[in-house]
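Trainee: Take this structure, written in structure tokens, and hold onto it; I'll ask about it next.
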Amino acid sequence: MKTPEKIVETDKYRLTFHSVNFYEILIKENVTFDTELLLEINSISKEHHPHHKSCVLIEGVGFFNVKKEVRELSVEKRFSSRAIAVACFTKNPSLLLPGELYNKINKPAVTKKMFNNREKAKTWLKTFIK
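The sequence shown finishes on residue 1456 if you use this note's numbering, and the numbering steps up by one all the way, no holes.
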């Protein structure tokens, strides 16, 4: 198995940079995903891939809370300008429908899709990588 290019880990998240155009964000259990955390992750992404757009796989472990401001900012172009596509993976089937509805109502600046299968999420993201 290929070794990840770089891993950045804190008590709140783990970022795994696999290549210049693909990385994963894992939000840890009992974390409140607020604007400060979003800006921190965005800054680290820019630092590791300053001139590249990337496909992003987002996953949460257990229960975590995404603040309303983060949901609103995440659909804006200024926070999505460096993303090619975003796949949100969850093992909780009760989050799939609300997630898809949120994406349809808010029309994110970048293509986003919910998945309950990690490999299908990765396969979908690979279709965006040239």
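Virtual Cβ for every residue (Gly too), placed ideally from N, Cα, C.
Helix, strand or coil for residue 1418, going by three-state DSSP, please let me know.
Mentor: Here residue 1418 corresponds to residue number 92 of the sequence shown, with the count starting at 1. Under the three-state reduction of DSSP, residue 1418 is assigned to coil, being neither helix nor strand.
Trainee: Quick check: the Cα distance between residue 1418 and residue 1442, rounded to an integer number of angstroms?
Mentor: Numbered from its first residue, the sequence shown carries residue 1418 at position 92. Numbered from its first residue, the sequence shown carries residue 1442 at position 116. Whole-angstrom Cα-Cα distance: 7 Å.
Trainee: Can you tell which of 1381, 1414, 1368 has its C-alpha closest to the C-alpha of residue 1453?
Mentor: Mapped onto the sequence shown, residue 1453 falls at position 127. Taking the Cα of residue 1453 as reference, the smallest distance to any Cα among 1381, 1414, 1368 is reached at 1381.
Trainee: Mind checking residue 1451: buried by the 16 CB within 10 Å criterion, or exposed?
Mentor: Along the sequence shown, one-based indexing puts residue 1451 at 125. Burial call: buried.
Trainee: Report the three-state DSSP secondary structure of residue 1368 (helix, strand or coil).
Mentor: If you number the sequence shown from 1, residue 1368 lands on position 42. Looking at residue 1368 - three-state DSSP - the assignment turns out to be helix.
Trainee: Taking Cβ to Cβ, would you say residue 1387 is nearer than 8 Å to residue 1363?
Mentor: Counted from its first residue, the sequence shown places residue 1387 at position 61. Counted from its first residue, the sequence shown places residue 1363 at position 37. Not in contact: residue 1387 and residue 1363 (Cβ atoms no closer than 8 Å).
Trainee: What does the Cβ neighbour count give for residue 1407, buried or exposed, with the cut at 16 atoms within 10 Å?
Mentor: Within the sequence shown, residue 1407 is the residue found at index 81, counting from 1. Exposed, because fewer than 16 other Cβ atoms sit within 10 Å of the Cβ of residue 1407.
Trainee: Just to confirm my understanding: we take residue 1327, look at its own chain, exclude 5 residues before and 5 after, and list those with CB closer than 6 Å. What are they?
Mentor: Sequence index remark: in the sequence shown, residue 1327 carries index 1 (1-based). Here the model assigns residue 1327 a pLDDT of 45, short of 50, so the residue's position is not dependable and the matter cannot be decided.
Trainee: Less than 8 Å between the C-beta atoms of residue 1402 and residue 1447, yes or no?
Mentor: Taking the sequence shown and counting its residues from 1, one reaches residue 1402 at position 76. Taking the sequence shown and counting its residues from 1, one reaches residue 1447 at position 121. Cβ atoms of residue 1402 and residue 1447: not closer than 8 Å.
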